[in-house]
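Peer 1: My structure is below; once you've seen it, I'll send some questions.
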Amino acid sequence: MSTILRRPVWSVTVDDEHGDPLTLGSPDMTVTLDSGAVPYGQADVVVPLISPDTIEVLNPLDGLRAVVQIGAQGGTPRTLDLSLRRRHVDHVARTMRLSLATDEALAQAYKPLADDLTPYVHKASVRAVVAYVLGVVAPGAVLAPSGPDAAVKLLADSVNLCANPRLFSDAAGWQTTWTSGSITSNREASGGPADSATYFRAVPAAGTTGGYIYRHENEFPLTPGKEYIFTVWAFAQAGQQVRLEPWIFNAGGTVVQTVAGDTITPGGSWVKTHVRFVASPTAARMRPRLVIVGPAIYSTVGTTLWRVSEYLGDPTDTDPWDAWTADTSDYDYTLSGAAGSSTSVRTALTAGASPDALTWRAGVSAWEFLETIVTAAGLRLYCDEARLWHLVDPAVFTAPGLLSLSPLTSVEGSDTITADDADLSCDGVVVLYSWTDTTGIARTATDTAGTPGRVYTLTLNRPYPGPGIAAAILSRRQGQGRTQDVVALARWDAAPGQSATISLPGTITQAGRVTSIEWTLPAALMRVGTVGLTDIIPGSIAALTGTIDDLTGTIDSL
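As numbered in our numbering, the sequence shown has no gaps in its residue numbers, which increase by one up to the final residue, 570.
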């Protein structure tokens with residue numbers, strides 16, 4: 013009896029700058045799929061030097077694609093759709109080396125020229141953030157439609173400087189003024205917006221000009237150079253326009269800055285409106301004002317729940333709030349002192365991301381931006397060989413199939429156990445963050461997981477994305493103190509994520525999960541990397557093949 017070995021077949025085809033396919037035959041080549049690497053898929057191709065005209069059309073700067081096929085003679089080849097990242101010509105050796113990669117390389121290369129705040133619109137879904145960024149990097153990129161998801165929690169303590177912001181028991185601090193005409197005003201106990209039944213009602217006489225509702229500037233101290241947000245609920249009858257217009261004073265009481273918000277027409281409904289501004293270098297305090305634009309046309313303007321607070325970087329954090337806002341699982345709302353004369357305080361109850369974590373900064377690659385957001389959510393992002401993007405939970409992600417490596421199919425093997433390399437195995441992880449936020453303030457944060465002892469430390473110059481990265485790193489390193497490096501006969505269907513069993517001479521058979529495959533051609537060999545190796549004791553349940561459904565009898569009979 014003999015074993016039939018089918019010869020390997022492989023090829024590389026590159027689309028040149030004109031879109032014409034150029035087949036490079038069967039070059040020397042390594043192809044790698046590695047769940048721990050970025051890009052996930054890579055190929056290194058070495059071909060004999062071809063004609064100068066052909067060399068020049070293989071320009072990575074032209075965004076060329078390459079199709080790599082590997083397999084066995086008579087079988088269905090495995091196809092990888094990759095981008096050309098690098099071309100190196102060696103005129104002494106008369107060879108040309110091409111470096112190819114899956115589409116993570118496109119995300120690593122793409123950097124915006126200006127800060128992009130659009131990701132904040134998608135903060136309720138990491139998947140939506142990823143889909144948006146991928147669409148910018150490579151229009152038409154496809155994210156697999158199903159998979160795990162999480163919200164990006166942007167949490168921060170804050171102070172609302174406005175006392176008595178919703179006229180809870182009286183109208184203390186609320187005032188009106190006008191240039192010509194007259195305005196009458198009062199506190200209404202009902203009829204306000206959904207967030208506050210009570211409100212301040214002002215009724216300008218017909219033709220009144222220069223009218224506005226305001227709070228006195230002594231309530232609102234400012235710090236020069238800091239950015240603030242002023243947001244309110246406002247009402248005006250159909251046709252009447254209003255806008256926010258804070259005045260900023262210096263220490264001597266002189267107006268040094270005015271800011272005009274958007275002019276809005278509520279149309280007989282309650283609407284939220286806000287304005288942001290950076291306090292001028294001589295700013296000391298502000299007078300927040302709701303301006304009745306132009307001559308008063310109709311009779312009623314209402315407003316309530318004013319919020320004046322430092323802007324912390326989240327452009328979607330525009331909702332008015334105060335001490336009477338209902339507490340949530342994320343925030344507690346309290347008064348700093350006596351009701352009616354004190355600021356309101358918002359306190360985060362859980363650890364969340366820095367409010368500016370979703371600002372995609374100019375000069376920051378798409379991959380660098382996404383990586384911390386995705387990893388903090390306990391997820392992993394990668395693009396497969398067919399250009400389909402995946403967002404998966406690495407703790408539970410598996411690929412179909414079992415890869416069994418034994419002396420019968422292996423040509424090389426090594427087995428190493430180490431207790432001194434925290435890069436391989438550790439008890440704890442510390443991730444240190446340092447960054448400058450959108451207001452120019454230097455920030456730091458620390459994320460930890462595990463227990464003291466062998467601790468792996470990572471420093472990142474990025475906004476804090478919330479807790480999670482330390483735990484994700486720890487989960488990948490626990491159980492990795494033992495590594496086995498095996499070179500075996502190529503299996504063209506092998507893939508990261510598959511279950512693996514490894515049997516090397518003189519060692520207990522190990523079970524784990526495949527993390528990387530590197531095929532070499534024309535040798536038709538593969539180097540296999542694994543993770544989470546555990547001993548398989550002969551006779552134990554772990555030593556059984558197949559699945560639970562394949563077994564017969566009872567547990568006691570196994």
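In this text, a Cβ means the ideal position worked out from N, Cα and C, and glycines have one as well. As the structure is a prediction and not an experimental result, all values here were calculated from the model.
Evaluate contact between the stretch 459-475 and the stretch 364-377, counting only Cβ atoms and requiring at least three cross-stretch pairs below 8 Å.
Peer 2: yes
Peer 1: Taking S377 and A536 to be in contact with their CB atoms under 8 Å, please state how far apart those CB atoms are, rounded to whole angstroms.
Peer 2: Not confirmed; about 36 Å, so no contact.
Peer 1: Taking the straight line between their C-alpha atoms, what separation do you get for A360 and G223?
Peer 2: 38 Å
Peer 1: Between A175 and A184, what straight-line distance do the alpha-carbon atoms span, to the nearest angstrom?
Peer 2: 9 Å
Peer 1: Measure the CB-CB distance between R319 and T243 and report whether it falls below 8 Å.
Peer 2: yes
Peer 1: Looking only at DSSP bridge pairs, what is G265 linked to?
Peer 2: None; G265 has no bridge partner.
Peer 1: Does DSSP classify S487 as helix, strand or coil?
Peer 2: helix
Peer 1: Taking the C-alpha atoms as reference points, what is the distance between V290 and S341?
Peer 2: 31 Å
Peer 1: Of the residues V305, A365, V543 and W282, which one's Cα is nearest the Cα of A162?
Peer 2: Ranking V305, A365, V543 and W282 by CA distance to the CA of A162 puts A365 first.
Peer 1: Check P216 in the structure and name its three-state DSSP category.
Peer 2: strand
Peer 1: Check whether the stretch 398-413 and the stretch 435-448 touch, using three or more Cβ-Cβ pairs below 8 Å as the test.
Peer 2: no
Peer 1: Which residue or residues does DSSP assign as beta-bridge partners of P20?
Peer 2: Beta-bridge pairing by DSSP links P20 to A84.
Peer 1: Give me the Cα-Cα distance between D65 and L533, rounded to the nearest whole angstrom.
Peer 2: When only Cα atoms are considered, D65 and L533 end up about 27 Å apart.
Peer 1: Would you report the Cα separation of P479 and A119, rounded to the nearest angstrom?
Peer 2: 24 Å
Peer 1: Using 8 Å for Cβ pairs, my map puts D207 next to L317. What's the rounded Cβ distance?
Peer 2: Indeed they touch by this definition, with Cβ atoms about 6 Å apart.
Peer 1: Within 10 Å of its beta-carbon, does L73 have 16 or more other beta-carbons around it, so buried, or fewer, so exposed?
Peer 2: exposed
Peer 1: When you compare only the Cα positions, how much space is there between L94 and A454?
Peer 2: 40 Å
Peer 1: Taking DSSP's pairing of strands, which residues face S321 in a bridge?
Peer 2: Under DSSP, S321 takes part in a beta bridge, and its partners are I241.
Peer 1: Using only the alpha-carbon positions, how far apart do S202 and R358 sit?
Peer 2: Straight across, the Cα-Cα distance linking S202 with R358 is about 25 Å.
Peer 1: Would you tell me roughly how many angstroms separate the C-alpha atoms of S416 and A512, rounded to the nearest one?
Peer 2: 6 Å
Peer 1: With H, G and I counted as helix, E and B as strand and the rest as coil, what does DSSP make of Y343?
Peer 2: strand
Peer 1: Would you call the CB atoms of T42 and E530 closer than 8 Å?
Peer 2: yes
Peer 1: Apart from the five residues just before and just after Y132, which ones in its own chain have a Cβ nearer than 7 Å to its Cβ?
Peer 2: If the five residues before and after Y132 are omitted, its C-beta is found closer than 7 Å to the C-beta atoms of D326, P327, T328 and L370, all from its own chain and listed in chain order.
Peer 1: So, does the stretch 101-108 touch the stretch 51-65, judging by three or more C-beta pairs under 8 Å?
Peer 2: Verdict: yes, contact present.
Peer 1: How would you call I16, buried or exposed, if buried means at least 16 neighbouring beta carbons within 10 angstroms?
Peer 2: Summary for I16: the model assigns pLDDT 43, below 50, so the residue's position carries little reliability; its value from the coordinates is reported in the next sentence. Answer is exposed; the Cβ neighbour count stays below 16.
Peer 1: Let me know the secondary structure DSSP gives D505 once reduced to three states.
Peer 2: DSSP places D505 in coil when its eight states are reduced to three.
Peer 1: Assign T458 to buried or exposed, taking buried as 16 or more other Cβ atoms, counted over all protein chains shown, within 10 Å of its Cβ.
Peer 2: exposed
Peer 1: To the nearest whole angstrom, what separates the beta carbons of A482 and V441, a pair I think is in contact under 8 Å?
Peer 2: 4 Å
Peer 1: Tell me which residues share the same chain as P205 and place their Cβ nearer than 6 Å to its Cβ, disregarding the 5 neighbours each side in the sequence.
Peer 2: W245 and W282
Peer 1: Short of 8 Å in beta carbon distance, which residues of its chain neighbour D334, apart from the five on each side in sequence? Order them along the chain.
Peer 2: N172, C174, P177, R178, L317, R319, Y345 and S356
Peer 1: When DSSP labels each residue in this structure, what does Y226 get in the three-state scheme?
Peer 2: Y226 falls in the strand class under three-state DSSP.
Peer 1: Can you tell which of A389, P89 and N262 has its C-alpha closest to the C-alpha of A136?
Peer 2: A389
Peer 1: Could you have a look at H103 and say whether DSSP puts it in helix, strand or coil?
Peer 2: In the three-state scheme derived from DSSP, where H, G and I count as helix and E and B as strand, H103 is classed as coil.
Peer 1: Please state if the CB of I260 and the CB of Q269 are separated by a distance shorter than 8 Å.
Peer 2: yes
Peer 1: Based on Cα-Cα distance, which residue from T25, P216 and A49 lies nearest to L76?
Peer 2: T25
Peer 1: Secondary structure at V148, three-state DSSP: helix, strand or coil?
Peer 2: helix
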